[in-house]
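Protein chains in written order, with numbering that gives the first Met the number 0: chain R, 0 to 257; chain Z, 0 to 254; chain G, 0 to 260.
Positions of the beta carbon are idealized from the N, C-alpha and C atoms, including for glycine.
Input: a single structure, listed below in structure tokens.
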Amino acid sequence: MIEIDRVSQIFQTSSRKDHLALSDISLTIEDGAFVSILGPSGCGKSTLLYIVGGFVSPTSGLAKMKGKAITGPGPDRGPVFQEFALFPWKTVLGNVMYGPRQQGVRAADAEAQSKALIEMVGLKGYENFYPKELSGGMKQRVALARTLAYHPEVLLMDEPFGALDAHTRTRLQNDLLNIWERDRKTVLFVTHSVEEAVFLSDKVVMMSKSPGRIRQVIDIDLPRPRRRTELLLDPRYQKYVVDIERMFDDSDEPASNP
Amino acid sequence: MKTNALTGDVLLGLVPIALVIALWQGLVSFGFAPATLLPPPGLVFARLLQQLVTSTFHHEIAATLIRLFGGFSIAVILGVSIGIAAAANPAINAVVRPIVRVLAPLPKVALYPALLLLLGFKHESKIVLVAADALFPILLSTYYGASTVEQKLIWSAMAAGTPRREILFKVVLPAAMPSILTGCRIGLVISCIVVFLAEMITSTDGLGHMLVTAARTFQAVDMFVPLITISLLGLILNGLLQALRSYLLRGFPEA
Amino acid sequence: MMSAATLLKRTAPVLACVGLLAVWQFASLVLKNDSFPTAIEAIRAVPSILTDKDALINILASLRRMAIGFALALAFSIPLGLMMGRSRAVAAFFNPLLMVIYPVPKAALMPIIMLWLGVGDVSKTLVIFLGVSLPVIYHSFEGAKAVEEKMLWSGAAMGLSAGQRLVRIVLPAALPEILTGCRTGLVLALITMITSEMIARQSGAGNILFNALDMGQYDTVFAMIIIVGMMGICLDAAFERIRARLVRWSEPQFDMPLSFS
Ligand SMILES: Nc1ncnc2c1ncn2[C@@H]1O[C@H](COP(=O)(O)OP(=O)(O)OP(=O)(O)O)[C@@H](O)[C@H]1O
Ligand SMILES: [Mg+2]
Chain R
0 MIEIDRVSQI FQTSSRKDHL ALSDISLTIE DGAFVSILGP SGCGKSTLLY IVGGFVSPTS
60 GLAKMKGKAI TGPGPDRGPV FQEFALFPWK TVLGNVMYGP RQQGVRAADA EAQSKALIEM
120 VGLKGYENFY PKELSGGMKQ RVALARTLAY HPEVLLMDEP FGALDAHTRT RLQNDLLNIW
180 ERDRKTVLFV THSVEEAVFL SDKVVMMSKS PGRIRQVIDI DLPRPRRRTE LLLDPRYQKY
240 VVDIERMFDD SDEPASNP
Chain Z
0 MKTNALTGDV LLGLVPIALV IALWQGLVSF GFAPATLLPP PGLVFARLLQ QLVTSTFHHE
60 IAATLIRLFG GFSIAVILGV SIGIAAAANP AINAVVRPIV RVLAPLPKVA LYPALLLLLG
120 FKHESKIVLV AADALFPILL STYYGASTVE QKLIWSAMAA GTPRREILFK VVLPAAMPSI
180 LTGCRIGLVI SCIVVFLAEM ITSTDGLGHM LVTAARTFQA VDMFVPLITI SLLGLILNGL
240 LQALRSYLLR GFPEA
Chain G
0 MMSAATLLKR TAPVLACVGL LAVWQFASLV LKNDSFPTAI EAIRAVPSIL TDKDALINIL
60 ASLRRMAIGF ALALAFSIPL GLMMGRSRAV AAFFNPLLMV IYPVPKAALM PIIMLWLGVG
120 DVSKTLVIFL GVSLPVIYHS FEGAKAVEEK MLWSGAAMGL SAGQRLVRIV LPAALPEILT
180 GCRTGLVLAL ITMITSEMIA RQSGAGNILF NALDMGQYDT VFAMIIIVGM MGICLDAAFE
240 RIRARLVRWS EPQFDMPLSF S
């Protein structure tokens, strides 16, 4: 269980003014839950993820995992960054193998596991390519495989499918759901797409901007396992999507306000 | 297709070199410069080839190379380790920064008399001079590279379970490699220049010394031989560094 | 109001100077070598050099040559380097020649250039010009080559001509790299200035330095080292000021140590 308890984050900007990026966020994420965060650009979604990852310590408040305060990163929480952050000096295989090797898995085993993961994300044949030789969407998939490779209990995904074409996106959404249904990992998933959030999640957290706050948490009560084609025709699914979009439309906050 | 373009580039590049040699030959042939001041290029290259097989010339080259490599290696080892340490540790940073600020712009040749007085006229003073001059470009680029490593690369490695003390070798060093190698390249050229100058100022052997001896006895041909030799040495060493660079940076976009 | 930390930061280079002088003082007291005066003795000899009219004129002449050589080199090298970076043919044409010339110590050309142009200002300025040009060309070239193609495409889409793109897009984008070249050039200009004067043995700071060495006036040798060192430090500080102004946008957060430590 992840507990976020009255977390606020203040950034010092270069003009020396304090910027309140997150204000008094409280949120509980059950083990094995799939939770999406939706919100306008700049509302602090990434920052919240970094705090759970232990990369950033909040200015005030506390984030806890399994009852223990989060003080730093660890292989129990695997991030997939918006910017991919692949190691440019390693090949696709080298990137994916990095985690298992770091965990002390034998080279041959790590290689076999990594190759299977690379195949799963649809990059078979690209094992020996360097990140610079891949397209944006391919890099994104390598980043996902690299994180899955060390079997984190919690996945922290920052718009992981943002750079993908619609087809690959759908495929990876299904793959992610399959992995999740099999392993029941806890997933904290940032996205801009309302459909994606409703399709994947148990819970959608809607945030608002300036300062970043939680506006509303909506439970998505749709049966699992979910099939995309069935769901698209399901009036309950459609209602969730429309309701959430209305809520964003109704808010009088301009989309980009510093 | 690709090889054609490449040969085209090489041929194009040879044009200005050929022009320079032609101009040089022209100056001599048309009597603008007396052969005692500017010997014809054919004579110079013939002398270079002739010298290349003599053992005294080997000895001079060896002396220069020892100083060059000695100084350059010291500069690389110190520059990279101090640069990384300063980027990673605020306390070291606080001490190193002001000292570098003061020492980096100091023209180290001016220290040469002091080095001569302290270390004598043998290899040591020249090696230290070369190291001192090559150190700062390497140190500064290492520091720059290490302090601009993408934060999320470090985070990714930490999340995968890399202990803090290993981050330096597993992420910071490889990520800073392009910058480090750029620094090494500047350092190498400066090393070539400085070792030659040091040998010109005081030495009993080495390429710089050859030039000074030739100048004293007005042997114009012999003055050009060491200059062309250092240029070729620089070219070869640079080529080796370039090869190392494209091997080490094969994954980086800029290589 | 200035906090203790900022005060310490401002004065850190001065503290470093004092520290280095203290190390020198201590070393010379321990070594007790006749040819290695203490820091205090050397500093005492500085005023007598700076008040000597001949010496002062010599030093100022050195600086003037350096300024002229440096300025000419920038005016020539930056455009050449940028053109090389954006045109494959220009690069292929000049690159090999430059690679051949770069490792040659320009001051070593002094004996040859002197035969042609005499021992006067022209030879020495020319040598400095050559010394500064190569790193500046090389870095402008690298900087221009690394400019993102897409920036130029957007420039072209906005209707900029090739020449305008070079000045308005390539130059500013390559500026940080060009300035790295200028800094290397500054170092080489000082090296070249001193050694060329030492070889020509006619005037200038390098001449005073090595004459004193030959005559065994060790106080003067070390006082000159201090003077030349101060010249380097002041020039570098001035350069750094200008650089910080020009490329503020690309400044990395140097004060921020890596966050894992
Ligand atoms: N290191 C930082 N220093 C200063 N301000 C920051 C820093 N990181 C983020 N911010 C500010 O905090 C706010 C939230 O940023 P964050 O990256 O979390 O937004 P986001 O919701 O992920 O946006 P997007 O959807 O565009 O990725 C922004 O206004 C941003 O300007
Ligand atoms: Mg974000």
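Chain-order list of residues whose beta-carbon lies under 6 Å from that of residue i (same chain, five-residue window excluded)
i: residue 124 (chain G); result: 64, 67, 68
i: residue 253 (chain R); result: Residue confidence is low: residue 253 (chain R) scores 47 on pLDDT, short of 50, so the model does not pin down where it sits. Its coordinate-derived value is still stated next. For residue 253 (chain R), where only same-chain residues beyond five positions count, there are no Cβ hits under 6 Å.
i: residue 20 (chain Z); result: 40
i: residue 256 (chain G); result: Since pLDDT at residue 256 (chain G) reaches only 39, below the 50 mark, its modelled position is unreliable, and the value read off the structure follows with that caveat. Here the set comprises nothing.
Per-residue DSSP class, three states only, for residue i
i: residue 89 (chain R); result: coil
i: residue 34 (chain G); result: coil
i: residue 16 (chain R); result: coil
i: residue 205 (chain R); result: strand
i: residue 121 (chain Z); result: coil
i: residue 62 (chain R); result: strand
i: residue 161 (chain Z); result: coil
i: residue 165 (chain G); result: helix
i: residue 0 (chain Z); result: Caution is warranted here: a pLDDT of 47 is assigned to residue 0 (chain Z), below 50, making its placement in the model unreliable, and the coordinate value is therefore given only provisionally. Coil, per DSSP.
i: residue 2 (chain R); result: strand
i: residue 27 (chain R); result: strand
i: residue 160 (chain R); result: coil
i: residue 10 (chain R); result: strand
i: residue 257 (chain R); result: Residue confidence is low: residue 257 (chain R) scores 38 on pLDDT, short of 50, so the model does not pin down where it sits. Its coordinate-derived value is still stated next. Looking at residue 257 (chain R) - three-state DSSP - the assignment turns out to be coil, as it is neither helix nor strand.
i: residue 80 (chain Z); result: helix
i: residue 160 (chain G); result: coil
i: residue 84 (chain G); result: helix
i: residue 68 (chain R); result: strand
i: residue 19 (chain G); result: helix
Neighbour list for residue i in chain Z, Cβ cutoff strictly below 8 Å
i: residue 34 (chain G); result: 116
i: residue 98 (chain R); result: 159, 160
i: residue 52 (chain R); result: 154, 158
i: residue 131 (chain R); result: 250, 251, 252
8 Å Cβ cutoff met for residue i and residue j
i: residue 125 (chain R); j: residue 91 (chain R); result: yes
i: residue 53 (chain R); j: residue 69 (chain R); result: yes
i: residue 80 (chain R); j: residue 151 (chain Z); result: yes
i: residue 143 (chain R); j: residue 130 (chain R); result: no
i: residue 185 (chain R); j: residue 36 (chain R); result: no
i: residue 156 (chain R); j: residue 205 (chain R); result: no
i: residue 197 (chain Z); j: residue 186 (chain Z); result: no
i: residue 100 (chain Z); j: residue 107 (chain G); result: no
i: residue 191 (chain G); j: residue 134 (chain G); result: no
i: residue 57 (chain G); j: residue 195 (chain G); result: no
i: residue 233 (chain Z); j: residue 194 (chain Z); result: no
i: residue 80 (chain G); j: residue 106 (chain Z); result: no
i: residue 198 (chain G); j: residue 223 (chain G); result: no
i: residue 128 (chain G); j: residue 185 (chain G); result: no
Beta-carbon neighbours of residue i, restricted to chain G and to distances below 7 Å
i: residue 8 (chain Z); result: 91
Proximal residues to residue i (C-beta, below 7 Å), its chain only, five neighbours per side dropped
i: residue 141 (chain Z); result: 78, 79, 82, 83, 175, 178, 179, 182
i: residue 36 (chain G); result: 27, 217, 218, 221
i: residue 60 (chain R); result: 4, 5, 6, 7
i: residue 219 (chain Z); result: 35, 36, 37, 38
Assumed close pair residue i, residue j - CB separation to whole angstroms, cut-off 8 Å
i: residue 6 (chain R); j: residue 21 (chain R); result: 6 Å
i: residue 57 (chain R); j: residue 208 (chain R); result: No, residue 57 (chain R) and residue 208 (chain R) are not in contact; Cβ-Cβ is about 18 Å, not under 8 Å.
i: residue 149 (chain R); j: residue 197 (chain R); result: No, residue 149 (chain R) and residue 197 (chain R) are not in contact; Cβ-Cβ is about 29 Å, not under 8 Å.
i: residue 76 (chain G); j: residue 139 (chain G); result: 6 Å
i: residue 73 (chain R); j: residue 154 (chain R); result: In fact, because the Cβ distance is near 14 Å, the residues do not count as touching under 8 Å.
i: residue 217 (chain R); j: residue 240 (chain R); result: At roughly 11 Å, the Cβ-Cβ gap does not stay under 8 Å, so residue 217 (chain R) and residue 240 (chain R) are not in contact.
Contact set between residue i and chain R, taken where Cβ atoms lie within less than 8 Å
i: residue 59 (chain Z); result: Within 8 Å Cβ-Cβ: nothing; residue 59 (chain Z) doesn't reach chain R, min ~40 Å.
Proximal chain Z residues relative to residue i, where beta-carbon distance stays under 7 Å
i: residue 221 (chain G); result: 113
i: residue 183 (chain G); result: 136, 185
i: residue 77 (chain R); result: 158
Beta-carbon contacts of residue i that lie in its chain and below 8 Å, excluding the five residues immediately before and after
i: residue 116 (chain R); result: 95, 144, 147, 148
i: residue 95 (chain Z); result: 81, 84, 85
Amino acids of chain R, ordered along the chain, whose beta-carbon sits closer than 9 Å to that of residue i
i: residue 173 (chain Z); result: 86, 87, 88, 89
Chain Z contact residues for residue i, given Cβ-Cβ distances below 9 Å
i: residue 80 (chain R); result: 151, 154, 155
i: residue 149 (chain R); result: 158, 159, 160
Residue i: contacting residues in chain R (beta-carbon distance under 7 Å)
i: residue 209 (chain Z); result: Going along chain R, no residue has its Cβ under 7 Å from residue 209 (chain Z), so there is no contact; the nearest lies around 43 Å.
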